[in-house]
Structures are given as structure tokens and as C-alpha cells.
Amino acid sequence: MSLAASAPAQSSLQDEVLEAQRTQAELQQQIDNADKAVREQLRELRQVRQDTRRLQTYNEALAPVVERLAKRLKERRSGFETLAETREAMPGVMRDMVERLRRWVEEDMPFLRDERLARVASLESTLSAVDTSSAEKLKRVLAAWRAELDYGRELDAWRGVLPGDSQREVDFLRLGRVGWYYLTPDGQQGGVWKAQQGEWQSLDESALAEVRKGLRIVREQRAPAMLDLPVSQPLEDAS
353 MSLAASAPAQ
363 SSLQDEVLEA
373 QRTQAELQQQ
383 IDNADKAVRE
393 QLRELRQVRQ
403 DTRRLQTYNE
413 ALAPVVERLA
423 KRLKERRSGF
433 ETLAETREAM
443 PGVMRDMVER
453 LRRWVEEDMP
463 FLRDERLARV
473 ASLESTLSAV
483 DTSSAEKLKR
493 VLAAWRAELD
503 YGRELDAWRG
513 VLPGDSQREV
523 DFLRLGRVGW
533 YYLTPDGQQG
543 GVWKAQQGEW
553 QSLDESALAE
563 VRKGLRIVRE
573 QRAPAMLDLP
583 VSQPLEDAS
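For the sequence shown, my numbering begins at 353 and goes up steadily by one.
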């Protein structure tokens with residue numbers, strides 16, 4: 353009786369053991385799965401941290417580049433604004449330059465006055481021309497000013513009419529803006545323009561000889577040499 357009674361008990365015990373083993377196996381599987389999930393999350397976390405560090409490094413490297421680009425864009429925008437302002441102001445600037453050029457010619461020694469005033473009048477017409485670009489207008493204005501400034505550095509000789517009652521044809525000699533002289537074709541009469549008085553002053557024989565020498569030098573008929581002549585205006589006023 354005791355052996356027969358113990359058989360069901362042993363079977364029940366075995367079942368409990370098997371159930372415990374299955375439960376332990378399931379629990380271990382859950383632990384393993386949870387551990388795998390944790391490891392995967394840790395791997396993802398480390399990857400995120402690495403990506404974050406790389407992004408931070410990239411941002412730190414990119415920041416100065418962005419700053420330089422922003423500065424360059426700001427400067428370019430400022431340059432465009434300045435250029436627009438310059439273009440807007442340019443017509444007025446050129447008109448002022450031409451007006452000053454006219455006053456310059458009118459107040460200067462009157463050599464080649466008709467030619468020089470005609471140049472100014474041509475500029476005034478050019479500024480009013482709608483079919484001429486601003487760049488071309490500025491080019492012509494600057495060329496006219498250069499021509500006037502060159503008069504102060506040039507030696508020149510030409511034949512023309514002496515203003516006055518007699519309207520005589522004479523040879524003119526100009527030494528920059530320091531001296532302006534005339535000599536009659538026979539070489540017997542001549543004068544120097546006196547800017548302060550606004551009139552011609554006669555030259556003596558020695559000065560006439562110097563004017564003749566100066567004419568030959570300018571016409572390349574003799575070698576350069578010093579000239580001893582009275583001046584038309586002080587050197588500081590002849591620039």
C-alpha cells in the first residue's frame with residue numbers, strides 16, 4: 353500500500369520539478385532577452401553620444417566659417433549699398449566737376465581759351481545726352497581735367513592771332529603755366545602775359561632773344577637750354 357501510494361506523489365513532484373525548470377528557463381530567457389535589449393540600448397546610447405560629439409566638433413569647426421561668410425555677405429551688402437549711392441550721386445558730381453573746370457579755364461591765363469572753352473561746352477552737352485553711359489561721361493570728364501592739368505607741365509608753341517586792336521598773327525610760346533609769350537614773325541616785337549594785370553607787357557631785346565631760343569627748343573630746332581625770361585605769374589600760382 354505504501355509503495356502504491358507514493359507513485360502519484362513522485363509523479364506530482366516530477367511535474368513540479370519540470371514546471372519549475374520550465375519556469376526557470378522562461379525566466380532565464382526573459383533575463384537574456386532583457387539583457388540583450390539593454391545591451392542594444394547601451395550600444396545605441398554610445399552611438400548617439402559619438403554622433404553628438406562628432407556633431408559638436410563639426411559645429412565648432414563650422415562656426416568660424418559661417419561667421420566669415422556672414423561677415424563677407426554683410427560687407428558685400430554694404431558695398432552694394434555704397435555702389436548704389438555712388439551711382440546715384442555720380443551725375444551731380446560730374447556736373448560739379450564740369451562747372452569747376454569752366455571756372456578754372458575762365459580764371460586761368462587765356463591761352464587757347466576758345467579751344468578750352470569749346471571742350472567744356474562739349475562736356476556739358478555730353479552730360480545731357482541720354483544715349484551716353486555714365487561710365488563714358490565720367491571718362492570724358494576725367495580726360496578733360498587731365499588735359500588741363502597737363503598744360504601746367506607742357507612746353508608748347510603755336511601760331512595764332514594776338515587779341516587786340518591790330519589782330520596781328522604772332523608766334524606763341526608757353527612754358528607750362530609759368531610763362532606765356534608772343535613774338536612777331538619778324539622777331540622784333542614780343543611780350544609776356546602778366547596774369548595779375550591781365551595784359552601783355554613788352555619785352556626788351558634780351559628777352560626777345562630768349563623767346564626766339566625757346567621757340568626753337570620747343571620746335572626741336574635746337575638742343576634744350578635754360579631760358580632767362582620774366583614769368584607770367586609766380587610759380588606757386590602756376591600749378
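Just so it is clear, CB atoms sit at the ideal spot from N, CA and C, and this is done for glycine as well.
Cα-Cα separation, residue i to residue j
i      : j      : result
GLN540 : MET461 : 24 Å
ASP508 : GLU562 : 15 Å
ARG529 : SER584 : 8 Å
ARG398 : ARG391 : 10 Å
ALA312 : GLU458 : Residue 312 lies beyond the stretch modelled for the chain, which goes from 353 to 591, so this question has no answer here.
GLU476 : GLY516 : 29 Å
LYS489 : THR438 : 15 Å
LEU370 : ILE383 : 19 Å
LEU581 : TRP532 : 10 Å
LEU525 : TRP510 : 7 Å
LEU453 : MET442 : 16 Å
ALA577 : ARG492 : 36 Å
GLN553 : ARG574 : 27 Å
ALA547 : LEU464 : 15 Å
GLN376 : ASN385 : 14 Å
VAL544 : GLU467 : 21 Å
LYS423 : THR484 : 37 Å
LEU352 : ASP538 : This structure cannot settle anything about residue 352, because the visible part of the chain is limited to 353 through 591.
ILE569 : ARG505 : 16 Å
ARG420 : LEU479 : 42 Å
LEU587 : ALA436 : 42 Å
ASP448 : ARG455 : 11 Å
Contacting residues, own chain, Cβ-Cβ under 6 Å from residue i (five flanking each side not counted)
i      : result
LEU579 : GLU562 and GLY566
ARG471 : ALA496
Proximity test, residue i beta-carbon vs the ligand PLP heavy atom, cut-off 8 Å
i      : result
GLN376 : Only the bare structure without any ligand can be found here, which leaves the ligand PLP out of the picture.
Closer than 9 Å to chain D by CB, residue i
i      : result
TYR534 : The displayed structure is made up of one protein chain only, and chain D is not part of it.
Per-residue burial, residue i [other beta carbons within 10 Å of its own, 16 or more giving buried]
i      : result
LEU501 : exposed
ALA481 : exposed
ALA473 : exposed
VAL445 : exposed
LEU555 : buried
Whether residue i touches residue j by CB criterion (9 Å)
i      : j      : result
GLY542 : VAL522 : yes
VAL450 : ALA496 : yes
LEU535 : ARG564 : yes
Other residues of its chain near residue i: CB distance less than 7 Å, five sequence neighbours each side excluded
i      : result
LEU469 : VAL457
SER558 : none
Ordered list of beta strand (DSSP E) runs contained in the stretch 426-454, each at least 3 residues: Counting only runs of at least 3 residues, the stretch 426-454 fully encloses no beta strand (DSSP E) element at all.
For the stretch 449-520, list the alpha helix (DSSP H) runs that are entirely contained and at least 4 residues long, ordered along the chain. 465-480 and 486-503, all fully within the stretch 449-520.
So within the stretch 537-587, which uninterrupted beta strand (DSSP E) runs reach at least 3 residues, ignoring any that extend past its ends? Correct list: 542-546 and 551-554.
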